[in-house]
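**Student:** In the working numbering, the protein residues as written are 16 to 187.
Got a structure for you, questions after.
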């Protein structure tokens, strides 16, 4: 969404000149004025970085890089964490809290997922002209895939000493 600021118009000035006590003349002067047209662009989608896998129930910090091509300050962020239920969406209004975030700020927010799955974190930001960015995204998997070291230990042991455990080798 692009927003155009400013107006072009003319201002009419009426000047009354008293020529004498008995006669008045009314002179109309028109002054053309114009203002510069400025195009305001949407903020860039936030760049989201942080862990892409982990354990459900544990809090992880995610960084959101906030940028605007017009160098506008940023007023708010909306984060959808990709889950369901309470706490799935976070909306933070920095203007409401007393101050905007400057362009180029890295904003940090923590979150945890209460159940396992693959989630897509989505975030968008708003600037002082009330323009909003497109969604920035990051895919996250809870829990991460993890190999059990116990089985890998036995596999390596049998590879290294294949004749030492013939009975166990047949069981595996």
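Cβ coordinates follow ideal geometry from the N, Cα and C atoms, glycine included.
Please classify residue 91 as buried or exposed, where buried requires at least 16 other C-beta atoms within 10 Å of its C-beta.
**Tutor:** For the purposes of this step, residue 91 is taken as residue 76 along the chain shown, with counting starting at 1. That one is buried.
**Student:** Provide the residue(s) that pair with residue 106 in DSSP beta bridges, ordered along the chain.
**Tutor:** Here residue 106 refers to the residue found at position 91 of the chain shown. In DSSP, residue 106 forms a bridge with 93.
**Student:** Apart from the five residues just before and just after residue 98, which ones in its own chain have a Cβ nearer than 7 Å to its Cβ?
**Tutor:** Translated into positions along the chain shown, residue 98 becomes position 83. For residue 98, where only same-chain residues beyond five positions count, the Cβ hits under 7 Å are 128 and 134.
**Student:** With a 10 Å radius around its C-beta and 16 neighbouring C-beta atoms as the bar for buried, classify residue 24 as buried or exposed.
**Tutor:** Counted from its first residue, the chain shown places residue 24 at position 9. Any reading at residue 24 is ruled out, since the residue's pLDDT is 44, under 50, leaving its predicted position unreliable.
**Student:** Just the C-alpha distance for residue 188 and residue 131, rounded to the nearest angstrom, thanks.
**Tutor:** There is simply no residue 188 to check, as the chain begins at 16 and stops at 187 in what is shown.
**Student:** Going straight from the alpha carbon of residue 85 to that of residue 78, what length do you get?
**Tutor:** Working through the chain shown from its first residue, we reach residue 85 at position 70. Working through the chain shown from its first residue, we reach residue 78 at position 63. So the alpha carbons of these two residues sit roughly 22 Å apart.
**Student:** I'd like to confirm the pairing. Which residues does DSSP put opposite residue 133 in its beta bridges?
**Tutor:** In the chain shown, the residue the question calls residue 133 occupies position 118. 156.
**Student:** On the three-state DSSP scale, how would you describe residue 176?
**Tutor:** Within the chain shown, the letter at position 161 stands for residue 176. Here residue 176 sits in coil by DSSP.
**Student:** Would you mind reading off the limits of the beta strand (DSSP E) that contains residue 120?
**Tutor:** Translated into positions along the chain shown, residue 120 becomes position 105. Element bounds for residue 120: 120 to 126.
**Student:** Using a threshold of 7 Å, state whether the C-beta atoms of residue 118 and residue 109 are closer than that.
**Tutor:** In the chain shown, the residue the question calls residue 118 occupies position 103. In the chain shown, the residue the question calls residue 109 occupies position 94. Their beta carbons are not under 7 Å apart, which means residue 118 does not touch residue 109 by this criterion.
**Student:** What residue range is occupied by the uninterrupted beta strand (DSSP E) comprising residue 54?
**Tutor:** Here residue 54 corresponds to residue number 39 of the chain shown, with the count starting at 1. Boundaries of the beta strand (DSSP E) around residue 54: 53 to 55.
**Student:** Grab me the residues of residue 93's own chain with a C-beta within less than 6 Å of its C-beta, minus the 5 sequence neighbours each way, in chain order.
**Tutor:** Counting from one through the chain shown, the residue named residue 93 turns up at place 78. The answer, listed in chain order, is 106 and 139.
**Student:** DSSP three-state label for residue 151, please.
**Tutor:** Working through the chain shown from its first residue, we reach residue 151 at position 136. In the structure shown, residue 151 sits in a strand (DSSP, three-state: E or B).
**Student:** How is residue 38 classed by DSSP in three states: helix, strand or coil?
**Tutor:** One-based indexing of the chain shown puts residue 38 at position 23. Any reading at residue 38 must be qualified, since the residue scores a pLDDT of 48, below 50, and its modelled position is unreliable; no value is offered.
**Student:** Can you list the beta strand (DSSP E) stretches of 3 or more residues lying completely in the stretch 56 to 80, in chain order?
**Tutor:** 62 to 64
**Student:** Hey, would you say residue 81 sits closer than 7 Å to residue 143, going by beta carbons?
**Tutor:** For this step, residue 81 is matched to residue 66 along the chain shown. For this step, residue 143 is matched to residue 128 along the chain shown. A distance of 7 Å or more separates the beta carbons of residue 81 and residue 143.
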